[in-house]
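Worksheet for the structure shown next.
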């Protein structure tokens with residue numbers, strides 16, 4: 028027998044951790060044995076797989092509980108209304124073993140599967156873990172193999188077969204053996220296999236006792252963790268069917284069908300799914316192999332008890348697809364198909380395919396990933412965009428749609444959804460979004476033993492529309508005039524400084540050890556700061572010279588509690604790259620830098636450091652943006668309230684924008700941006716006598732101060748919005764076009780204000796009118812943070828379906844509708860001219876994608 032562990036251990040942690048950071052994919056195998064034949068690694072189940080258990084307790088420890096005593100609340104006059112009581116909690120070995128037995132029985136009793144497993148004994152019975160068989164991660168459990176590798180008594184060692192289940196009583200095994208946080212709920216994987224047959228011979232599982240709730244009676248909630256982790260040791264992968272809808276629907280605007288057809292509160296639209304709108308999955312519909320779990324016994328959303336038992340159609344299909352009984356293919360239906368890119372026959376790997384029974388959409392739903400038996404392998408029998416859905420109810424009507432995996436990181440490579448989610452709709456399938464309605468569906472019915480093939484989905488597309496591109500990199504703020512280079516921060520605090528630059532020409536990222544970056548107009552200079560010698564220091568990056576630390580300004584810096592001395596924070600660079608700016612820190616009130624903690628400052632080669640404000644009354648100040656003409660804009664803190672007041676520094680003078688504002692304006696907040704020539708300044712947080720939020724534009728040449736009055740009523744779901752939310756402009760182009768967001772944080776919506784476009788527009792609405800099929804990427808939460816000086820390119824961040832990412836939008840040509848004909852014209856001049864002669868912005872309705880009509 029040729030035992031090998033290399034296939035498994037290299038990705039065991041990524042594949043099988045159950046925790047708040049776990050990954051997910053549709054049901055199927057963790058590991059494929061033969062890609063050419065499409066066969067997985069699997070256990071020999073001609074007899075029950077033998078499972079051996081740890082000899083120690085499942086979990087134990089002391090918890091502090093607060094006991095409320097309102098009856099003696101002020102008995103001694105000190106308002107002590109309770110006390111803390113220590114409680115020792117122990118979940119015994121017997122309880123843990125019994126839950127293992129229950130989980131094995133659940134997997135072994137799936138009627139369409141041949142899988143069977145049983146507890147065969149304890150570690151002590153087979154000579155593991157000393158006399159008591161208790162694995163704790165102690166030093167004596169480790170040794171060195173013949174190749175000089177450090178191995179553990181279980182992990183890395185051949186132990187004569189079976190699955191070895193460790194009870195990590197206090198978290199020491201997770202920490203000292205797995206190198207994972209002690210609070211991880213569980214990790215499991217196959218470990219050894221016969222490489223001649225693909226038969227798994229040995230596996231392991233670590234059950235994380237340290238995260239067990241003290242009141243989890245008889246481990247009811249942790250039972251879900253046990254059943255899930257054992258599934259991994261059988262070679263089962265994760266699944267995304269209902270769990271993401273139950274736990275994260277509101278957070279990520281996740282829906283049970285195509286988002287544009289689901290009328291989600293965050294995105295709106297018409298409800299067109301084939302099941303009742305008021306219907307939704309509950310915790311009873313979550314599958315065992317969903318990678319997230321709620322084990323809090325007091326939570327109304329606890330799922331551990333449900334995930335303890337293989338009971339959904341997805342659970343049955345997951346185990347049966349690898350260990351089928353004869354009844355699996357004979358008594359259930361199968362759907363096969365492929366998903367292709369728009370305007371291409373190339374298949375798309377890594378999308379989630381969901382089939383829901385129209386009459387029972389939550390309990391009877393099956394998923395698969397495109398290419399999940401391919402994984403990018405060159406010799407795989409399955410094509411990259413192909414999928415197979417097995418275990419369907421015979422005669423039931425299923426609707427099939429595509430969606431993105433909510434969280435990823437598995438053997439099957441994943442891509443961003445290259446277009447809107449859509450249903451399979453039979454003869455209506457095409458890549459033309461004008462003709463193919465993403466919300467139209469054709470039910471698919473498979474009889475017992477029947478394979479229904481060619482259920483192919485051609486991704487919808489629109490040619491020649493503006494390009495909205497999303498990126499996994501976070502916090503995009505920088506964009507060059509030609510749109511080729513964009514960038515943003517990764518981390519810029521607590522002693523770390525990292526940022527990224529993306530070159531659109533070769534689609535490559537450069538990671539810089541700099542934070543607070545700002546990029547010049549042509550991309551040749553990047554300003555920021557570096558973390559060196561326990562200090563944050565001003566720095567500059569140029570091609571060919573790399574990162575250079577700039578001369579010190581002589582300030583002593585401040586320790587803000589992160590163990591690193593803050594000397595400089597960068598926020599700006601002039602478009603020509605000659606000057607950078609932000610603020611200098613100083614905390615010791617030295618004579619040269621008296622009476623300030625942080626002060627607006629610039630640096631250039633000719634003049635060195637220049638302090639811009641007067642440091643009066645210990646006020647702080649900052650530069651947010653710089654022009655090519657020496658004008659700087661930003662804020663100074665108010666001496667009484669600490670609020671940031673708008674400032675412009677011009678010709679050696681400091682302009683208080685409150686003094687430039689019209690009568691009735693009570694407060695003027697920070698200036699956020701300035702045009703290249705220094706004429707136009709934008710800002711936020713201007714408040715009138717009724718303290719209504721507003722935004723402003725200031726002309727440095729004429730002194731004109733204009734309130735824009737762009738605001739919306741707070742939506743019902745935005746808990747952090749009160750009354751109205753205002754537009755916040757964060758950048759300005761040379762023609763005065765503003766970009767930013769209406770609202771902030773989770774309630775933000777990216778917005779553009781342009782005279783050429785006729786005023787203000789949410790970017791999502793603007794792009795829908797332009798026929799951009801992924802406009803919904805900006806409709807959950809998004810903010811435009813930067814615009815190129817020529818106004819052609821916009822960058823920002825967006826809440827995508829699985830994370831916060833970045834976006835870039837290019838506005839070179841736009842569509843207008845005139846005399847019922849869609850015209851494509853140049854932006855901004857052509858658009859402006861057409862609107863002035865009666866055209867309306869956006870495509871004519873007949874030319875829009877069907878889901879937008």
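Residue numbers (my numbering): 28 to 880. We put the beta carbon where it would ideally sit given N, CA and C, even for glycine.
Suppose only complete runs of 4+ residues qualify. What are the alpha helix (DSSP H) ranges in the stretch 785 to 861, listed by chain order? 790 to 796
Kindly list the residues whose CB is nearer than 7 Å to the CB of residue 115, restricted to its own chain and excluding five residues on each side of it in sequence; keep chain order. Along the chain shown, one-based indexing puts residue 115 at 88. Contacts found: 89.
Do you know how far the Cα of residue 322 is from the Cα of residue 244? As a position in the chain shown, residue 244 is number 217, starting the count at 1. As a position in the chain shown, residue 322 is number 295, starting the count at 1. Going from the Cα of residue 244 to the Cα of residue 322 covers about 11 Å.
Range covered by the beta strand (DSSP E) that runs through residue 384: As a position in the chain shown, residue 384 is number 357, starting the count at 1. Here the beta strand (DSSP E) through residue 384 covers 379 to 384.
Anyone know if the C-beta pair for residue 123 and residue 246 falls short of 8 Å? Reading the chain shown from its first residue, position 96 is the one you call residue 123. Reading the chain shown from its first residue, position 219 is the one you call residue 246. Cβ atoms of residue 123 and residue 246: closer than 8 Å.
Which residues in the same chain as residue 564 place their Cβ atom closer than 7 Å to its Cβ, once the five residues preceding and following it in sequence are excluded? Taking the first residue of the chain shown as position 1, residue 564 is located at position 537. Same-chain partners within the cutoff: 556, 557, 576, 594 and 595.
Could you pull the start and end residues of the beta strand (DSSP E) that residue 80 belongs to? Numbered from 1 along the chain shown, position 53 holds the residue referred to as residue 80. Per DSSP, residue 80 belongs to the beta strand (DSSP E) from 76 to 80.
Taking just the CA atoms, how far does residue 168 sit from residue 191? The count along the chain shown starts at 1 and reaches residue 191 at position 164. The count along the chain shown starts at 1 and reaches residue 168 at position 141. Near 15 Å, if we compare the C-alpha coordinates of residue 168 and residue 191.
Nearest neighbour of residue 465, chosen from 669, 427 and 260 [CA to CA]: Locating residue 465 in the chain shown gives position 438, where the first residue counts as 1. Here the closest residue by C-alpha is 427.
Expressed to the nearest angstrom, what Euclidean distance is found between the alpha-carbon atoms of residue 850 and residue 467? Residue mapping note: residue 850 aligns to position 823 of the chain shown, counting from 1. Residue mapping note: residue 467 aligns to position 440 of the chain shown, counting from 1. Their Cα atoms are separated by approximately 28 Å.
Among 864, 546 and 387, which residue has its Cα nearest to the Cα of residue 554? Translated into the one-based positions of the chain shown, residue 554 becomes position 527. Considering only alpha carbons, the answer is 546.
Quick check on DSSP: helix, strand or coil for residue 251? For the purposes of this step, residue 251 is taken as the residue at position 224 of the chain shown. Of the three classes helix, strand and coil, the one that applies to residue 251 here is helix, per DSSP.
Can you list the alpha helix (DSSP H) stretches of 4 or more residues lying completely in the stretch 324 to 357, in chain order? 340 to 349
Looking only at its own chain, which residues have a Cβ that is under 7 Å from the Cβ of residue 640, when we skip the five neighbours before and after it? Reading the chain shown from its first residue, position 613 is the one you call residue 640. Same-chain partners within the cutoff: 626, 627, 648, 663 and 681.
Thinking residue 748 and residue 770 are a contact (beta carbons under 8 Å), I'd like their distance in whole angstroms, please. Here residue 748 refers to the residue found at position 721 of the chain shown. Here residue 770 refers to the residue found at position 743 of the chain shown. Going by Cβ atoms, the distance from residue 748 to residue 770 rounds to 6 Å, so yes, they are a contact pair.
Taking 8 Å as the threshold (C-beta atoms), are residue 261 and residue 81 in contact? Taking the chain shown and counting its residues from 1, the one referred to as residue 81 is at position 54. Taking the chain shown and counting its residues from 1, the one referred to as residue 261 is at position 234. No, Cβ-Cβ distance for residue 81 and residue 261 is not below 8 Å.
Using 10 angstroms around the beta-carbon of residue 570, count the other beta-carbons present and answer buried if the total reaches 16, otherwise exposed. Taking the first residue of the chain shown as position 1, residue 570 is located at position 543. Label assigned to residue 570: exposed.
With DSSP collapsed to three states, give me the class of residue 310. Position 283 of the chain shown holds residue 310. Residue state, collapsed to three classes: helix.
DSSP three-state call for residue 452: helix, strand or coil? What you label residue 452 is simply residue 425 of the chain shown in a count that begins at 1. In this structure, residue 452 counts as coil in the three-state DSSP scheme.
Count the other CB atoms, across all protein chains shown, that sit within 10 Å of the CB of residue 53; report buried if there are 16 or more and exposed otherwise. The residue labelled residue 53 in the question sits at position 26 within the chain shown. Only weak support exists for where residue 53 lies, its pLDDT of 45 falling under 50; the coordinates are left without a value.
Same chain, Cβ closer than 7 Å to residue 515, neighbours up to 5 away in sequence not counted: Along the chain shown, read from residue 1 onward, the residue named residue 515 stands at position 488. Excluding positions up to five away in sequence, the list reads 500, 501, 502, 503, 504, 505, 526, 527 and 833.
Residue 756, DSSP secondary structure in three states: Residue 756 sits at position 729 when you count from the first residue of the chain shown. Strand at residue 756.
Report the rounded CA-to-CA distance for residue 181 versus residue 221, giving the unit in angstroms. Within the chain shown, numbered from 1, the residue matching residue 181 stands at position 154. Within the chain shown, numbered from 1, the residue matching residue 221 stands at position 194. Roughly 18 Å separates the two Cα atoms.
Rounding to the nearest angstrom, what Cα-Cα distance links residue 755 and residue 382 in this structure? Here the question's residue 755 lines up with position 728 in the chain shown. Here the question's residue 382 lines up with position 355 in the chain shown. For residue 755 and residue 382, the distance between alpha carbons rounds to 42 Å.
Can you tell which of 218, 800 and 99 has its C-alpha closest to the C-alpha of residue 461? Taking the first residue of the chain shown as 1, we reach residue 461 at position 434. Minimum Cα distance to residue 461 is reached at 800.
Specify, as a first and last residue, the run of the beta strand (DSSP E) that residue 125 falls within. Within the chain shown, the letter at position 98 stands for residue 125. No beta strand (DSSP E) holds residue 125; the alpha helix (DSSP H) holding it covers 120 to 135.
Terminal residues of the alpha helix (DSSP H) in which residue 558 lies: Looking up residue 558 in the chain shown gives position 531. First-last for residue 558: 552 to 559, but that is the beta strand (DSSP E), not the alpha helix (DSSP H).
Express the C-alpha separation of residue 315 and residue 213 in angstroms, rounding to a whole number. As a position in the chain shown, residue 213 is number 186, starting the count at 1. As a position in the chain shown, residue 315 is number 288, starting the count at 1. Residue 213 and residue 315: Cα-Cα distance of roughly 13 Å.
Identity of the residue in 870, 685, 280 and 739 nearest residue 730 by Cα: By one-based count along the chain shown, residue 730 stands at place 703. It is 685.
Nearest-angstrom Cα separation, counted from residue 386 out to residue 424: Mapped onto the chain shown, residue 424 falls at position 397. Mapped onto the chain shown, residue 386 falls at position 359. If you take the alpha carbons of residue 424 and residue 386, they lie about 8 Å apart.
Nearest by alpha-carbon distance to residue 300: which of 414, 543 and 452 is it? Taking the chain shown and counting its residues from 1, one reaches residue 300 at position 273. Of the listed residues, the one whose Cα sits closest to residue 300 is 452.
Counting along the chain, where does the alpha helix (DSSP H) carrying residue 686 start and finish? Working through the chain shown from its first residue, we reach residue 686 at position 659. First-last of the alpha helix (DSSP H) with residue 686: 684 to 687.
With 16 as the cutoff for other CB atoms within 10 Å, does residue 566 come out buried or exposed? Residue mapping note: residue 566 aligns to position 539 of the chain shown, counting from 1. Buried, by the Cβ-count rule.
Reference residue 136; option with closest CA among 240, 327, 350 and 319: Along the chain shown, read from residue 1 onward, the residue named residue 136 stands at position 109. For residue 136, the nearest C-alpha among the options comes from 350.
Starting from the Cα of residue 803, find the closest Cα among 93, 879, 844 and 816 and give me that residue. Numbered from 1 along the chain shown, position 776 holds the residue referred to as residue 803. Out of 93, 879, 844 and 816, 879 has the C-alpha closest to the C-alpha of residue 803.
Between residue 847 and the rest of its own chain, which residues show a CB-CB distance below 7 Å, the 5 nearest in sequence each way excluded? Here residue 847 corresponds to residue number 820 of the chain shown, with the count starting at 1. Once the five neighbours on either side are set aside, the close Cβ partners of residue 847 are 871.
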